[in-house]
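Novice: This structure is in structure tokens; I'll ask about it shortly.
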Amino acid sequence: MGKCTERLYNGIVKENPTFVQMLGMCPTLAVTSSAINGAGMGLTTTCILVLSNVAISLLRKVIPDKVRIPAYIVIIASFVTVIQFLLQAFIPSLNDSLGIYIPLIVVNCIILGRAESYASKNKVMPSLFDGLGMGLGFTIGLTVIGAFRELIGKGCVFNYQILGDGNLLSSNSNGALKAIGDVLAYYKPITIFVLAPGAFFVLAFLIAFLNKRNAKKAAKAAAEGKDTSEFCRPEGCAGCANVLCAGKKAAEAQAETKPVEQKTVAKPVEKKPEINTEVKPEVKPAENKPEAREAGKDGEA
Amino acid sequence: MELLLFAIGAALVNNVILSQFLGLCPFLGVSKSVKTATGMGGAVIFVMTIASCVTSGIYYGILVKLHLEYLNTIVFILVIAALVQLVEMFLKKKVKPLYEALGVYLPLITTNCAVLGIALNNVQAEYSILKSTINGFGSALGFAIAITILAGIREKIEYSDIPEAFKGTPIVLLTSGLMAIAFFGFAGMM
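Next comes the structure, spelled out in structure tokens:
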């Protein structure tokens, strides 16, 4: 079972779909107005991811290579329909609050991404745990973002009032705790954070924070002369938010300045092909031109 | 007149991107320059109007008659994927200039959740075929407006002094957030 636990760790921590790979940004922004919604969406996605990974892994030798994507989409869409019915029957409140975003799980790139990159190549058990790990990683990401937005926007987490008027500490306790609660009651919720714009703001700061951390890591690795490519993950669906990877850019900048001081000529020559190969996979045809020009400029400089 | 108001409402008040978060991937990915953004916007208007019309036609013409409403997610995603291919082939053969203008953006739209989202929305809200088409057109127009404005702002941002960590996606998201606040103003119109 070592491989299975490794898969779980990989999904939840190492390749967390929200914080590391930045996949599935549409639901991440849309349903995280509260922690409970985020958790509900995450768990629904987890169920579908596990089921579709298992089914696709079982069928991996049956599905012809040429029609695999439509086949995967049909499998995923069937599971989404089933889960949607179960939600309608047993958790109608969650179904109402998630609404249109449940059927839209079909086009969530995490699910198709895992089907394509893992389940179609591996046995059933590892695929199951891969789906579970990725799903739980997504759930944790959504819940954390949801809790954060709910806390700032309404002063509560999972509907428990933490900040602002009538919070738990000031109404349910006495003594020092009540004093703390009374101080917390001065907080005025910033309603915009539970509305649409707040989602953009929270995600912007989250990515900026990750960029900062990745840049530091990449700079450290570059200083030690290690390979920095692992700090950028160009895989994933075309056009998701991981189009731009600040970690890689920082590493390149670092690599550009360092070698010039120490070794004068050798490094830039090596660097050229590296840039070319790295830029290609993440750039869509539409943007090829400006990117290529940029890369060329970098190489010359 | 009522339909016109309905279209304006779909485009501005319930903007697909800024208030419903559908089609965020192309919104962030293809908004680097105004030219590509308008190309993408045009392609989305084209596909989404046709897709809304066809999916709601199929829903009322086939699924409702056979009592298969629950299959709508599966049917819609396949219909949209096939439709995009078909439209691409048709344009390539018959309307060469339009194909050259939209060309590269058409296949990208298959993965655009806004098209599926609007198709499902139409059915859930029980709009008639005409109203669905107008809703599709209005929403796509909203998408085109939003992506073009964002691309215009991004072209200017290129020359600004942004903190290192905020370069790239974060600053684009902050800009979109401010745009979303601005679009709240349209709610007062209706």
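Order-wise, the sequence lines are chains L and B.
Per our numbering, the very first residue in the first sequence carries number 1; after that it's consecutive.
Per our numbering, the very first residue in the second sequence carries number 1001; after that it's consecutive.
For each residue, glycine too, the CB sits at the ideal point set by N, CA and C.
Please determine if the segment 1032-1043 of chain B and the segment 1140-1152 of chain B are in contact, where contact requires at least 3 C-beta pairs separated by less than 8 Å.
Specialist: Yes: the two stretches touch, three or more of their Cβ pairs being nearer than 8 Å.
Novice: Between which residues of its own chain and L/F19 is the CB-CB distance below 7 Å, once the five residues before and five after are set aside?
Specialist: Contacts found: G141, L210.
Novice: Using the DSSP secondary-structure output, state which residues sit across from L/Y160 in a beta bridge.
Specialist: Paired residues: L/V157.
Novice: By the three-class DSSP mapping on this structure, what secondary structure does L/T18 have?
Specialist: Residue state, collapsed to three classes: coil.
Novice: Could you give the residue range of the alpha helix (DSSP H) that holds B/T1175?
Specialist: Segment 1169-1184, the alpha helix (DSSP H) holding B/T1175.
Novice: If the cut is a Cβ gap below 7 Å, which residues of chain B does L/P17 touch?
Specialist: Near L/P17 there are no residues of chain B at all, since even the closest Cβ is about 14 Å away, more than 7 Å.
Novice: Over what stretch of residues does the alpha helix (DSSP H) that includes B/Q1020 continue unbroken?
Specialist: Segment: none, B/Q1020 is in no alpha helix (DSSP H) and carries neither H nor E.
Novice: Could you check if L/Q88 is buried or exposed, using at least 16 other CB atoms within 10 Å of its CB as the buried criterion?
Specialist: Exposed, since its Cβ has fewer than 16 Cβ neighbours within 10 Å.
Novice: Cβ closer than 8 Å: which chain L residues qualify as neighbours of B/I1077?
Specialist: Correct list: I73, A77, V106, V107.
Novice: Assuming L/G164 contacts L/P189 under a Cβ cut-off of 8 Å, what Cβ separation, rounded to an integer in Å, is found between them?
Specialist: Indeed, because the Cβ distance is near 5 Å, the residues count as touching under 8 Å.
Novice: Which same chain residues, not among the five before or five after B/S1052, have their C-beta less than 7 Å away from its C-beta?
Specialist: Cβ within range, chain order: I1118, A1119, N1122, S1132, T1133, N1135, G1136.
Novice: Counting only Cβ-Cβ distances shorter than 7 Å, please list the residues of the segment 8-40 of chain L near chain B, keeping chain order.
Specialist: Those residues of the segment 8-40 of chain L that come within reach of chain B (Cβ to Cβ, closer than 7 Å) are M25, C26, L29, A30.
Novice: Using beta carbons (cut-off 8 Å, strictly below), is L/L59 in contact with chain B?
Specialist: Judged by the 8 Å Cβ criterion, L/L59 is not in contact with chain B.
Novice: To which residues of the same chain is B/A1010 closer than 7 Å at the C-beta, ignoring the five residues directly before and after it?
Specialist: Closer than 7 Å at the Cβ level, and outside the excluded window around B/A1010, lie N1135, G1138, S1139, G1142.
Novice: What residues in the segment 1166-1181 of chain B bring their beta carbon closer than 9 Å to a beta carbon of chain L?
Specialist: Per Cβ criterion, the list reads F1166, K1167, G1168, T1169, P1170, I1171, V1172, L1173, L1174, T1175, S1176, G1177, L1178, M1179, A1180, I1181.
Novice: Would you say L/P290 faces chain B, with C-beta separation under 8 Å as the test?
Specialist: Bear in mind that the predicted position of L/P290 carries a pLDDT of just 42, short of 50, making it unreliable; the figure below should be weighed with that in mind. It does: the Cβ of L/P290 has a partner Cβ on chain B nearer than 8 Å.
Novice: Can you name, in chain order, every residue of its own chain whose Cβ lies under 7 Å from the Cβ of B/V1054, other than the five neighbours on each side?
Specialist: So the qualifying residues of the chain are V1079, L1083.
Novice: Nearest-angstrom Cα distance between L/M25 and B/L1024?
Specialist: Cα to Cα, the separation comes out at about 7 Å.
Novice: For B/Y1059, which residues in chain L fall below 9 Å Cβ to Cβ?
Specialist: Those do not exist, as B/Y1059 stays about 13 Å from chain L at its closest Cβ, beyond 9 Å.
Novice: Can you name, in chain order, every residue of its own chain whose Cβ lies under 8 Å from the Cβ of B/K1093, other than the five neighbours on each side?
Specialist: Closer than 8 Å at the Cβ level, and outside the excluded window around B/K1093, lies no residue.
Novice: Would you verify that the beta carbon of B/Y1159 is, or is not, closer than 8 Å to some beta carbon of chain L?
Specialist: So no, B/Y1159 is outside the interface.
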